[in-house]
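When the letters of the sequence shown are read in order and numbered with mature numbering (1 follows the signal peptide of the UniProt record, and there is no 0), they come out as residues -25 to -1, 1 to 251. By construction, the Cβ of each residue, glycine as well, lies at the ideal position given by its N, Cα and C atoms. What you are looking at is a predicted structure, and each value in this text was computed from that prediction instead of being measured. In what follows, a structure is listed as structure tokens, so that the remarks can point back to it.
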Amino acid sequence: MERVRIRISAVLLLLCLAGKGHGQAASPQGMSLRYETVSIRENSDANARTGMLENAPDMTALRMSLHDLVAYACQVRSELVFGGPAWSNSRHFDISAKVAASDTPELQKMKWRERGPLILPALTERFALKIHHETRTLPVYDLVVSPKGNKLKPTTIEKGDDTFKLNGGLVPSGSMVFYADYIRGIGVDMPTLARILSGQVDRVIVDHTGLTGVFNFAINTAEDPGNDAPSMERTSERPEQAIAIALHDQAGLELKPAREAVDVVVIDSATPPTPD
């Protein structure tokens, strides 16, 4: 079983993703925005930090491959990006992008995940990138209600309601908060649960529960479920089996291996950018 590493800091890791389809997110409201300046440089330092930093009005990508950048821009898992030249998955780049000062308020209204498509025009221009979407039948997990029934309790909180206090912080409804070995949901519907949990396992999770409405929940994925106090300073490494067991025992839900049509992105062609 492939293991998944989740690093948790003292700051809540808040995932509030809006999307549609299997592995494809919805188009954000701010697509009229464009980054005014974009700097791209290759980074060959194997010990350098890797990942995405976003603090409006800036977007910073650190040592990311073109495959990962396309996944971010197209809002799909990196495993759902196919094709491209060999270097597109082996060479890494730093990107610094900024919007115009007048566009900063609009950018700040967007969730971090919704900002991904804003970088696509720059990738298209600087990498001479050509991509297309297609549907492929791939291994997935179907999220279903267990034979013994659903254990989650519906809530009257509506998705998109005002923020709620949680462990000293504020989170919007429709969000999931990840601690080490502990997952909290506030006003979360089943498609959102499936979509966000997909980021913690090796396959896309597809909602087949048939459950409507939204739910509050707390799921402990620790090996010792008797320890109910969330820890925010530990590093958790756990197999997907732990998540599946926790969902079954505490939520009355199951992950069933299946094969379904999934939206993927194919890189048709690309060339290395000229550094600036």
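Residue from the options whose Cα sits closest to the Cα of residue i
i	options	result
Thr187	Gly174, Val240, Lys128	Lys128
Val56	Lys84, Pro92, Val239	Val239
Ala217	Ala236, Ile194, Asp78	Ile194
residue 255	Glu229, Gly162, Ala97	It is not possible to answer for residue 255, since the shown part of the chain is limited to -25 through 251.
Ala46	Asn64, Asp33, Pro32	Asn64
Val179	Val120, Val115, Pro250	Val115
Met165	Leu228, Lys123, His223, Arg111	Leu228
Arg90	Arg234, Ala21, Gln50, Ser121	Gln50
Asp33	Leu95, Ser121, Leu82, Thr184	Leu82
Val119	His183, Thr35, Ser7	His183
residue 327	His223, Leu230, Ser244, Leu8	A query on residue 327 cannot be resolved here, the shown segment of the chain reaching from -25 to 251 and no further.
Other residues of its chain near residue i: CB distance less than 8 Å, five sequence neighbours each side excluded
i	result
Pro247	Glu17, Trp62, Arg66, Phe102
6 Å CB neighbourhood of residue i in its chain, flanking five on each side removed
i	result
Leu168	none
residue 255	Past the edges of the chain, shown from -25 to 251, lies residue 255, and the structure says nothing about it.
Leu172	Ile180
Residues near residue i by beta carbon distance below 7 Å, same chain, minus five either side
i	result
Val241	Phe57, Gly58, Ile106, His107, Glu109
Ala226	Lys126, Leu127, Phe192, Ile194
Ala97	Tyr10, Val13, Ala72
Cα-Cα separation between residue i and residue j, rounded to whole angstroms
i	j	result
Ser148	Pro80	22 Å
Pro232	Glu11	44 Å
Ile220	Ser150	22 Å
Glu54	Gln175	13 Å
Met27	Lys86	14 Å
Asp78	His223	45 Å
Cβ separation of residue i and residue j, assumed to be a contact under 8 Å, to the nearest whole Å
i	j	result
Arg24	Leu41	So it is not a contact: roughly 18 Å between Cβ atoms.
Thr112	Arg234	5 Å
| request: Quick one: which unbroken beta strand (DSSP E) runs of 3-plus residues sit fully inside the region 45 to 84? Chain order, please. | output: Runs found: 56 to 58, 67 to 73.
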